[in-house]
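2 protein chains.
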Amino acid sequence: MAVEADAPRMEFDVVGHRRVRPDGVDKVTGRARFGADISAPGMLTAKILRSPHAHARINSIDTSKAEAMVGVHAVVTSADFPDEHVPRGERDTLVNVMAREKAFYDGHAVAAVAAMDAETAQDALELIVVDYEVLPHVTDVVAAMAPDAPVLHDTLFTRGVDPKPDKPSNVAKRVEMGRGDVEAGFAEADIVIERTFRTEATHQGYIEPHACLANIGADGRGEIWVCTQGHYMIRNTVAALLGIELSKLRVTASEIGGGFGGKTTVFAEPVAAALSRKAGLPVKLVMDRTEVFRATGPTSSTAAWVKIGVKNDGTITAGDIELKYQGGAFRGSPIDFGCMSAFACYDIDNIRMVGWDVVCNRPKQAAYRAPGAPMSTFVVESVVQELAERIGMDPVDMRLKNAARNGSDSAYGPKFGTIGLVETLEAAKAHANYTAPLGANQGRGIACGFWFNFGGETCTSLNVQTDGTVALMVGTPDIGGSRASMCMMAAEELGIEYERVHAIVGDTTSLGYNDTTEGSRVTFSSGMATIKSARAAIEVMRARAAMIWEIPVDAVVWEKGHAKPAGPNAGDFEPMSLADIAAKSGATGGPIAGHAEVNADGAGVSFATHLVDVEVDPETGAVKVLRYTVAQDAGKAIHPGYVVGQFQGGAAQGIGWALNEEYVYDDMGRLQNAGFLDYRVPVASDLPNIDTVIVEVPNTGHPYGVRGVGETSIVPPLAAIANAVSAAAGVRLTDLPMSPPKVLAAIDAQKD
Amino acid sequence: MAVEADAPRMEFDVVGHRRVRPDGVDKVTGRARFGADISAPGMLTAKILRSPHAHARINSIDTSKAEAMVGVHAVVTSADFPDEHVPRGERDTLVNVMAREKAFYDGHAVAAVAAMDAETAQDALELIVVDYEVLPHVTDVVAAMAPDAPVLHDTLFTRGVDPKPDKPSNVAKRVEMGRGDVEAGFAEADIVIERTFRTEATHQGYIEPHACLANIGADGRGEIWVCTQGHYMIRNTVAALLGIELSKLRVTASEIGGGFGGKTTVFAEPVAAALSRKAGLPVKLVMDRTEVFRATGPTSSTAAWVKIGVKNDGTITAGDIELKYQGGAFRGSPIDFGCMSAFACYDIDNIRMVGWDVVCNRPKQAAYRAPGAPMSTFVVESVVQELAERIGMDPVDMRLKNAARNGSDSAYGPKFGTIGLVETLEAAKAHANYTAPLGANQGRGIACGFWFNFGGETCTSLNVQTDGTVALMVGTPDIGGSRASMCMMAAEELGIEYERVHAIVGDTTSLGYNDTTEGSRVTFSSGMATIKSARAAIEVMRARAAMIWEIPVDAVVWEKGHAKPAGPNAGDFEPMSLADIAAKSGATGGPIAGHAEVNADGAGVSFATHLVDVEVDPETGAVKVLRYTVAQDAGKAIHPGYVVGQFQGGAAQGIGWALNEEYVYDDMGRLQNAGFLDYRVPVASDLPNIDTVIVEVPNTGHPYGVRGVGETSIVPPLAAIANAVSAAAGVRLTDLPMSPPKVLAAIDAQKD
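First to last, the sequence lines map onto chains A and B.
Under the working numbering, the first residue of the first sequence carries the number 340, and numbering increases by one thereafter.
Under the working numbering, the first residue of the second sequence carries the number 340, and numbering increases by one thereafter.
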């Protein structure tokens, strides 16, 4: 019988096995439809005019010539985005979507055109005359905090400081958290290391540029087809910016060619919608790669200072960190997550985390896998490694000595439940790669990482068809195999074959609100809702069997996909399969379904330990990754193949962040490398096979023990690689990316 | 508080008022997307090759030249539709969709091509070589029953006759039903009239030809976008014919440019799907008007004999009827409905109905508003009128004397519940048109009509958005304003404004199974499911309010869109509106929704009385309709505007059927008038304003008293017009259509 179990289920028939992915055939045959793969009768093509200046006052925009051009159906500027009705929380989004008084970064949208075709739209853009007054700009986080820095927003006053500032600045807020007495802690330490670090902005590097089709009618009813991680988020934001009721806007998520957090916010969709509403026709808007780099969200670039003390026995006595994260032109860098996660792997009595949220003339940052955590973890794990070396202790053993454990008070407050950091450290130490011999110019690095994982609002519907197959509708775009995982959980719960369950991602009208696919929440919370939907359907099927058998529903149990008479009626009737009951559904009351609407609590935090060997070429500074091992706690790996893919993908992206990826600005504040030729992500030939160990410490907050897996895997690589490169080069590297010139300079500086 | 009421609700805030139709703006601005208004990347265009012969053996089909043509991606014939796995009930559909050994009618599909564009597909059709052996054919229902008629199917043996036939024929079955002793009844009668009648096949005449886009992947997963009254029916049939699991096929219904029953079956969709699967690309298939006439379903043409006896006081003592309905090339004419409805308006002790289901070389018939009933009603109501004239009784009074009333045994068996025939007769008699003066060559006709109305399987989901608007998903394509009606019922039940509810028609994967939009079932059964969904959502909202107020849920009532504390807690808190509760839903457990899956019982039958005045031009035989009045029982008119539209539309189509519409075949069995120029439907200038009286006798089987309204309105016009024309011409007309030549011939024959 389907009942809520207190402890996670441990025995499975379907879950835990690698199954064929449902989107596989469509993706290899080209049938899968991505953001740009839709069209509508009468469709127009939109193009966006973008600021060539990093910081400029917009004195006027003359669109008259563009509007008069044959084939142009609509031109919009900020005048088409009235702000009176826009909630305060959406104002920055409004300004980011379409510049108003000022352009805040190179690439900031200032106008847009919808025309009969792309060439006409492009030509029309060139007829728009913008009168800019170029202003001094700043793109560096530390420079932006200087008292004499050019100030972006004259309404931005630093929060969280005392006394309150009397003039605007680029510092949006200061946060401080911690516990104990860090000075007393440092006094207890035998060794204290203090260092500063820098990281550069990186882009999520999804293959598919942003694309959407908006179709807004004269009555305000509309539809948007869009590549996104959160179509409900798109709906809510477009509705807020354009003043449309939520029920009137139906948003459908396309297949997605990568997101990694970068598709959790709006950029072009409100522009396409405004153009469509103005033109009275459907409007397609597809960014090119340059636009993706210039105008969508990369990560924060950061500057940090850290000080950590340790006793000779390996006990960390205190940690103190100050983090400066620029979030681009608008407040809202992930500074809180950076502070909260900095020391989250450790149970340290005395810690202090101070953070600064800074704006500068760059595109507004967006989430990128575990937003904020890789940078602060880089800082802490670099120094922890150095401390282990200084006291001559095995770096895993020192981490084990201080590791957060079941029931520890977390560094950011709440007590941990059942967690698996220790198990990942032990798995890394037990791995053959931990003792593989190293040659000349080679070094080994290790680092731990943490991510919170989230739950959130989630709805699913499950329809049992009369042929015994099952249609499952989830509301979370599938960025990493969630349709397969949901089908597996539904099949497991119903007791039928995986191949008989087929999942779709429902649109915003067909299914209740779902939070965005982010925070590693989907397998956990959509999985929970799927299990609840399946259990609800089982209740219906038990009742139908009871009706057919004319026995009380309490005398029917559900086992392995069958209703069976039980109790006093045990053995009275042959068991009926799900397909048997489904075939009779018309005659027993109608279609069989199960639905769930939840706000999922109980997401389990996850930890990982990464182990890496690199070789540094002392002549060029080039770094080659020799071996890479990820040991991470998945709670329960529903589909191990996808879990391994997440582990490997996070590591690969972290390696790119550590070694090569960066935003390069010229002295006019213009992005110089807005393309994959100049912005260098790791390619297959840059990487070894990434070894993985799936650790499974069940999350007690989920029926199957699931934790999120998609984000933790990008947290350790920056530090792990830095530790390995530092070991190989014989000098501590503190600035990312550790590109050949920087590594070579560090080696050369050491020789001097 | 939301509870199931025993008696239908009688007081309404939203229901019963004319509200703005939600699809109106889209339809007048051209934004509404119909069957042909979708495309997909790489899409092919399909064309179907059709038999030019009414009856022919197909010896061979050579598609090799077409297949070799540049731009042709797939060619299919019956060889691509294996029949082994097809359930018996779908075999005729399989053969109708693509001819196998024989072509059974002019226009029968024999092959199809998917090509890069329409021109290429058309050229390819011409390269397909079909070796036909032309066979004798028959298109007339009586001729098809003759012993020496060409036999279509050598496997068709008449059912329902004793002894069982030893050879095949064109008679699929004989049915007989009735009660009492008709011979004894006729013996009691003072006057007995016996007559024969004929009606011709008519087409539903929807403006939008059949159109679909099929996209079936290499893994058997697929999608179909289609103009249909039943996308679940399309799914189930295509799945059965092509061997696809129900959950793997997602079918979406487009907006529909008319159906009237003619879009309740498949014609081209399995062909498009088979081509798509073979080509590995999306395939669009749009019929032209000629194909719609030649190859989709018109009504049965019929022949009938009837005998009715009446006492001088107006009591009908007996009725005997024999009906012959040809259903085109396959069994399944609506002969049962014809028999069941023939005497359904009357409470007669002695009745007998005999029916024959006949096949002939015409396209397979399809439903058309109240399938089968207009023809048998034409027969009975013509003679009832004549009997009233013969005994000198007011025709309404005579009908009132015999009318079926609350609790009568229906002519087809079950006892009637609360019904409204008497009220419609009284309304007609009370109408000013009943006593309007008539001039020369003018005549008045009256006739009653009946339709069963159905319930059936229905699912709805209702999602309450955080801004207090409501998204409603129904599964029944909207052919007559059902989205408006559903929004009204949801708003009524929830206690919010109509304008805050927005409905969509969900696809077959997003929502559980829904029976087709037919049988006048939608406002009744989708309405019932909508009300249930709203009540389920209200239960959730009461629980949320109880949680917020920290009082028992039993102490919360729902009144006029608000949760209110009640009982001991009455007055403790301010009422909370739906929007208030919705805004807090994230913090109180997640999204708020209500769902319903039902197999709706309790559909209420409906009756109408039509009153018409015509003028016949004795020189030409042309008939002009002067006045037309519909009085029909709607149970409860949810949206009176749409109800009036249904009344008027049914009457207009019935007028066309009575006066002009017919299928004209040449002696080769080829349809001669496959287009709107030669197949003449009434246009605006042919019709007067059609007056309507909405009678409301609530259906006790529905919470709001709803009965279906879409079909009954086409049942009386054939007889009403015939009665009026007969009165004006001074001669009884018995053959439809009463086109000018026939009327003139009848007048001239009388003069002789």
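For glycine and all other residues, C-beta sits at the position ideal for the given N, C-alpha and C.
- Note that the C-beta distance between glutamate 720 (chain B) and cysteine 678 (chain B) is not below 9 Å.
- Taking the C-beta atoms as reference points, phenylalanine 351 (chain A) is found no nearer than 9 Å to tyrosine 1004 (chain A).
- From the beta-carbon of alanine 932 (chain B), the residues of chain A found nearer than 8 Å are Cys798, Gly851, His934, Glu936.
- One finds Ser586, Thr848 in chain A with Cβ atoms closer than 7 Å to the Cβ of alanine 810 (chain B), taken in chain order.
- Here glycine 517 (chain A) carries a strand assignment [DSSP, helix/strand/coil].
- Taking the Cα positions, alanine 448 (chain A) is about 46 Å away from glycine 756 (chain A).
- At least one CB of chain A lies nearer than 9 Å to the CB of proline 361 (chain B).
- CA-CA distance, valine 983 (chain B) to threonine 1031 (chain B), rounds to 6 Å.
- For the pair leucine 580 (chain A) and glutamate 429 (chain A), the CB atoms are nearer than the 9 Å cut-off.
- Here the segment 614-625 of chain A lies against the segment 375-389 of chain A, with 3 or more beta-carbon pairs under 8 Å apart.
- Under the 10 Å beta carbon count, serine 872 (chain B) is surrounded by 16 or more other beta carbons and is classified as buried.
- Taking the Cα positions, alanine 450 (chain B) is about 52 Å away from valine 895 (chain A).
- Of the candidates B:Gly929, B:Leu495, B:Ala1023, B:Ala1067, B:Ala1067 places its Cα closest to the Cα of valine 955 (chain B).
- Between arginine 534 (chain A) and alanine 876 (chain A), the alpha-carbon positions lie close to 58 Å from each other.
- Taking the CA atoms as reference points, threonine 368 (chain B) sits about 48 Å from leucine 491 (chain B).
- The C-alpha of isoleucine 687 (chain A) lies about 15 Å from the C-alpha of leucine 726 (chain A).
- Rounded to whole angstroms, alanine 618 (chain A) and alanine 453 (chain A) show a C-alpha spacing of 8 Å.
- Within chain A, no C-beta atom comes less than 8 Å from the C-beta of aspartate 493 (chain B); the nearest is roughly 32 Å away.
- For the 9 Å CB-CB criterion, threonine 815 (chain A) and threonine 847 (chain A) do not form a contact.
- Taken through DSSP and simplified to helix, strand or coil, lysine 663 (chain B) comes out as strand.
- DSSP, reduced to helix, strand and coil, places methionine 692 (chain B) within a strand of the structure shown.
- For lysine 587 (chain B), the number of other beta carbons within 10 angstroms of its own is at least 16, and it is reported as buried.
- Taken in chain order, the complete beta strand (DSSP E) segments of 3 or more residues contained in the segment 761-820 of chain B are 781-790, 795-803, 809-813.
- Residue contact with chain B for glycine 601 (chain A): absent (no Cβ-Cβ distance below 9 Å to any residue of chain B).
- For the pair of segments examined, the segment 415-425 of chain A was found not to touch the segment 488-503 of chain A: the number of CB pairs separated by less than 8 Å stays below three.
- Here DSSP, grouped into helix, strand and coil, assigns phenylalanine 536 (chain A) to strand.
- Shown here for phenylalanine 606 (chain A): same chain residues with a beta carbon closer than 6 Å to its own, the five before and five after excluded, namely His549, Thr635 in chain order.
- Cα atoms of threonine 478 (chain A) and alanine 830 (chain B): separation of roughly 53 Å, rounded to the nearest angstrom.
- Using beta-carbon distances, threonine 805 (chain B) counts as an interface residue toward chain A, with a partner under 9 Å.
- With a beta-carbon spacing of about 15 Å, serine 824 (chain A) and methionine 812 (chain A) fall beyond the 8 Å limit used to define contacts.
- Annotated three-state conformation of proline 1079 (chain B) is helix, per DSSP.
- Exclusion of the five residues before and after valine 1045 (chain A) leaves Thr862, Phe863, Gly866, Gly974, Lys975, Ile977, Asn1038 as the residues of its chain whose Cβ lies within less than 7 Å of its Cβ.
- Taking 9 Å as the cut-off, the beta carbon of valine 844 (chain B) is found no closer than this to the beta carbon of arginine 860 (chain B).
- Aspartate 376 (chain B) belongs to the set of residues whose beta carbon lies under 9 Å from a beta carbon in chain A.
- The beta carbons of leucine 998 (chain A) and valine 964 (chain A) sit closer together than 9 Å.
- Of the residues A:Asp919, A:Arg1009, A:Glu1050, A:Lys903, the one whose Cα lies closest to the Cα of phenylalanine 946 (chain A) is A:Glu1050.
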